[in-house]
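Working notes, structure below.
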Amino acid sequence: MSHGMTASLICPACGQAFLSMQHAMEGVAQCPHCAHSGPRSQFGTHGQTAGLMPVRRRVAQSQQAADFPVPGQAVPPPMAMQPAQPTVWPGVPQVAAAMPPPSVARATLQPSQALMPVGEPPPPGDFTIPQPSGGSGWRHAFIMLAFCVVCGAAVWVWWDHANAPGAVLARQTTAAVPQPSVVEIRAAPPLPKAADAAPKFPPPDMDAIAADAKALVTELFAADTPERRAACIHDAAKHAAEIEATLGPAAQAKIELRMLARIPGIPLTLPGGEPAPLFKLATSRCPNGALVRLVMGVDGKRRIHWPLLIETHHGMLGAFLKQGGDVAAWFHVAMRPSHGLDIPADMRAKYLTFDAQTSATSDPHFVACVERDTPLGRFLDRESEWGKVYVSRLLVRHLDIKSEASCMLVVDCEGAPER
31 MSHGMTASLI
41 CPACGQAFLS
51 MQHAMEGVAQ
61 CPHCAHSGPR
71 SQFGTHGQTA
81 GLMPVRRRVA
91 QSQQAADFPV
101 PGQAVPPPMA
111 MQPAQPTVWP
121 GVPQVAAAMP
131 PPSVARATLQ
141 PSQALMPVGE
151 PPPPGDFTIP
161 QPSGGSGWRH
171 AFIMLAFCVV
181 CGAAVWVWWD
191 HANAPGAVLA
201 RQTTAAVPQP
211 SVVEIRAAPP
221 LPKAADAAPK
231 FPPPDMDAIA
241 ADAKALVTEL
251 FAADTPERRA
261 ACIHDAAKHA
271 AEIEATLGPA
281 AQAKIELRML
291 ARIPGIPLTL
301 PGGEPAPLFK
311 LATSRCPNGA
321 LVRLVMGVDG
331 KRRIHWPLLI
341 ETHHGMLGAF
351 LKQGGDVAAW
361 FHVAMRPSHG
371 LDIPADMRAK
381 YLTFDAQTSA
391 TSDPHFVACV
401 ERDTPLGRFL
411 DRESEWGKVY
421 VSRLLVRHLD
431 IKSEASCMLV
441 VDCEGAPER
């Protein structure tokens with residue numbers, strides 16, 4: 031065969047036709063359908079010139095049976111067949127197609143591109159070779175670039191619209207409109223103790239107070255007229271009769287001044303928490319020492335607080351508690367919180383206790399008890415702090431319990447809120 035020719039080969043194994051370049055007969059050919067390979071001479075051929083395609087041929091069933099005899103079955107005699115007339119194509123030189131040798135076995139032929147006339151569409155094949163698409167990478171990059179440009183433009187339009195003067199003014203107007211407040215309900219915190227709150231009073235000038243106390247006490251015991259004695263006492267008009275009965279000419283015995291000294295520490299008023307410095311006043315009638323406190327008057331001058339002085343000087347609280355009974359009375363005392371070790375252990379959970387003093391020393395010693403589960407007990411517990419001394423006026427009565435000291439029950443406290 032000459033070069034430039036193609037041949038339509040027929041596989042002897044599967045009978046399928048396929049195209050192949052003309053090769054020498056000694057070469058090896060392989061069927062693309064069943065992968066059968068063998069010498070070139072074993073494959074049947076249909077010759078075709080360049081640009082021409084052979085016509086389809088039909089293979090009779092009898093010829094197939096003749097080529098593939100079944101063992102044990104008689105082979106029918108070949109039928110007379112008329113030679114097929116070649117198809118004449120206008121304007122195309124006629125080329126005789128070489129018939130395959132009768133010894134080559136072949137199955138029923140399938141249409142292929144090699145056996146179809148020029149111009150007819152090829153039948154669908156088993157394998158489709160994808161056509162290379164040139165420039166797909168550049169197309170994808172261009173699409174992504176266009177998407178980014180569109181997104182950037184959308185963001186820019188939104189930003190320009192959001193920051194426009196009209197939009198900013200609308201937001202400011204909306205912010206200026208008061209929004210309905212959400213009411214948050216919380217449990218009321220416990221009231222702080224007096225020591226936890228910020229100090230309401232400036233620290234006292236102890237040097238000036240001590241100088242005033244010394245001058246006032248000296249003048250009170252040296253005065254020879256009611257006017258001079260009244261000038262040393264705060265609210266003297268209210269206590270004039272008692273002052274004269276104690277220090278005046280009508281007194282049973284003249285009281286002599288023995289000592290005046292400042293008591294360490296600065297007690298506080300209860301309630302209120304105002305600093306109230308105390309002084310010890312020892313006389314011929316009160317060797318343990320009475321309590322002296324100065325009070326600021328409306329004129330801005332300090333004077334002696336008479337009720338505290340006379341009650342502690344005469345020991346009125348101790349005399350009242352010895353009487354017993356359920357009668358209550360008011361007394362000024364200096365007191366501080368205590369553990370209540372003087373009362374029975376089974377009663378300490380019931381009472382809030384204070385050590386009460388009516389002299390400059392711890393003798394006599396009293397225990398002031400107030401019921402814890404009462405408004406007054408909760409008030410005194412909240413207003414007092416451990417380790418501090420307080421000056422207060424209490425309504426007390428005798429408390430008949432077994433204890434190591436005289437006990438009194440606190441019924442009320444001056445200045446406490448009404449219950």
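Note that the sequence shown covers residues 31 to 449 in the numbering used here.
Beta carbons are placed, not taken as given, at the ideal position from N, Cα and C, and that holds for glycine.
From a predicted model like this one, the values you see are computed outputs, not experimental measurements.
{"Item": "Considering only residues of the region 393 to 423, which uninterrupted alpha helix (DSSP H) runs meet the minimum length of 4 residues and lie entirely inside it, listed in chain order?", "Value": "405 to 413"}
{"Item": "Is the beta carbon of LEU371 sitting closer than 8 Å to the one on LEU410?", "Value": "no"}
{"Item": "Starting from the Cα of HIS344, find the closest Cα among ARG258, GLU401, ASP190 and PRO394 and give me that residue.", "Value": "PRO394"}
{"Item": "Have a look at the DSSP bridge pairing and note the partners of ARG333.", "Value": "VAL325"}
{"Item": "Residues bridged to VAL58 by DSSP?", "Value": "PRO69"}
{"Item": "Where do the ends of the alpha helix (DSSP H) carrying PHE251 lie?", "Value": "236 to 252"}
{"Item": "Since PHE263 sits in a beta bridge, which residues does DSSP pair it with?", "Value": "Note on residue identity: the sequence assigns Ile, not Phe, to residue 263. Per DSSP, ILE334."}
{"Item": "In whole angstroms, give me the CA-to-CA distance for GLN387 and ARG315.", "Value": "18 Å"}
{"Item": "Are PHE21 and ARG332 close, meaning C-beta to C-beta below 8 Å?", "Value": "The chain is shown from 31 up to 449; residue 21 falls before or after that span and cannot be answered."}
{"Item": "I need the boundaries of the beta strand (DSSP E) containing THR391, first residue and last residue.", "Value": "No beta strand (DSSP E) contains THR391, which DSSP labels as neither H nor E."}
{"Item": "Near LEU429, what residues of its chain come up, given a Cβ to Cβ distance below 8 Å and the 5 sequence neighbours on each side ignored?", "Value": "CYS399, CYS437, MET438 and LEU439"}
{"Item": "Quick check on the burial criterion: 16 or more other C-beta atoms within 10 angstroms. Buried or exposed for GLY354?", "Value": "exposed"}
{"Item": "Give every residue of the same chain whose Cβ lies closer than 7 Å to the Cβ of ALA446, excluding the five residues on either side of it in the sequence, and list them in chain order.", "Value": "PRO301, LEU406 and PHE409"}
{"Item": "Per DSSP, what kind of secondary structure is THR383 in: helix, strand or coil?", "Value": "strand"}
{"Item": "Taking the C-alpha atoms as reference points, what is the distance between HIS66 and GLY167?", "Value": "40 Å"}
{"Item": "Among residues of its own chain, excluding the 5 on either side of ASP442, which ones have a beta-carbon nearer than 6 Å to its beta-carbon?", "Value": "LEU425"}
{"Item": "What are the complete beta strand (DSSP E) segments, minimum 3 residues, inside the region 283 to 318?", "Value": "287 to 292 and 308 to 313"}
{"Item": "Indicate the three-state DSSP secondary structure (helix, strand or coil) for PHE63 in the structure shown.", "Value": "Per the sequence presented here, residue 63 reads as His, with Phe not at that position. It is coil, neither helix nor strand."}
{"Item": "Assuming TRP336 contacts ILE273 under a Cβ cut-off of 8 Å, what Cβ separation, rounded to an integer in Å, is found between them?", "Value": "7 Å"}
{"Item": "Taking the alpha-carbon of GLY74 as reference, which of PHE48, PRO62 and ALA271 has the nearest alpha-carbon?", "Value": "PHE48"}
{"Item": "If you measure between the beta carbons of THR299 and TYR420, is that distance less than 8 Å?", "Value": "yes"}
{"Item": "With a 10 Å radius around its C-beta and 16 neighbouring C-beta atoms as the bar for buried, classify HIS264 as buried or exposed.", "Value": "buried"}
{"Item": "Classify ARG258 as helix, strand or coil using the three-state DSSP reduction.", "Value": "helix"}
{"Item": "Quick check on this structure: which residue in LYS352, LEU39 and ASP237 has the alpha carbon closest to the alpha carbon of CYS61?", "Value": "LEU39"}
{"Item": "In chain order, what residues of the same chain lie with their CB nearer than 8 Å to the CB of ILE285, ignoring the 5 residues before and after it?", "Value": "PHE251, THR276, LEU277, THR313, SER314 and ARG315"}
{"Item": "In whole angstroms, give me the CA-to-CA distance for GLN94 and CYS44.", "Value": "Because GLN94 carries a pLDDT of 45, less than 50, the predicted location of this residue cannot be relied on, and the following value inherits that uncertainty. Each residue's Cα considered, the two are about 12 Å apart."}
{"Item": "Based on Cα-Cα distance, which residue from ARG427, SER422, GLY348 and ARG402 lies nearest to ASP356?", "Value": "ARG427"}
{"Item": "Identify, in the order they occur along the chain, each residue of the same chain with its Cβ nearer than 7 Å to the Cβ of HIS269, setting aside the five sequence neighbours on each side.", "Value": "ILE263 and TRP336"}
{"Item": "Find out if the Cβ-Cβ distance for the pair SER414, PRO367 is shorter than 8 Å.", "Value": "yes"}
{"Item": "Spatial neighbours of LEU347 within its chain, please: C-beta separation below 6 Å, excluding the five flanking residues on both sides.", "Value": "PHE361 and THR388"}
{"Item": "If you draw a straight line from the C-alpha of MET111 to the C-alpha of GLN72, how long is it?", "Value": "Interpretation of MET111 is limited by its pLDDT of 42, a score under 50 that renders its predicted location unreliable; no figure is taken from the coordinates."}
{"Item": "Quick check on the burial criterion: 16 or more other C-beta atoms within 10 angstroms. Buried or exposed for ARG259?", "Value": "buried"}
{"Item": "When you compare the CB positions of ALA390 and GLY319, do they come within less than 8 Å of one another, or not?", "Value": "yes"}
{"Item": "Taking 8 Å as the limit between beta carbons, can you name the residues of its chain near VAL58, skipping five residues before and five after?", "Value": "SER67, GLY68, PRO69 and ARG70"}
{"Item": "According to DSSP, is VAL30 part of a helix, a strand, or is it coil?", "Value": "Any question about residue 30 goes unanswered here, given that the chain covers just 31 to 449."}
{"Item": "In the DSSP assignment, what residue or residues form a beta bridge with SER433?", "Value": "SER433 pairs with nothing; no bridge assigned."}
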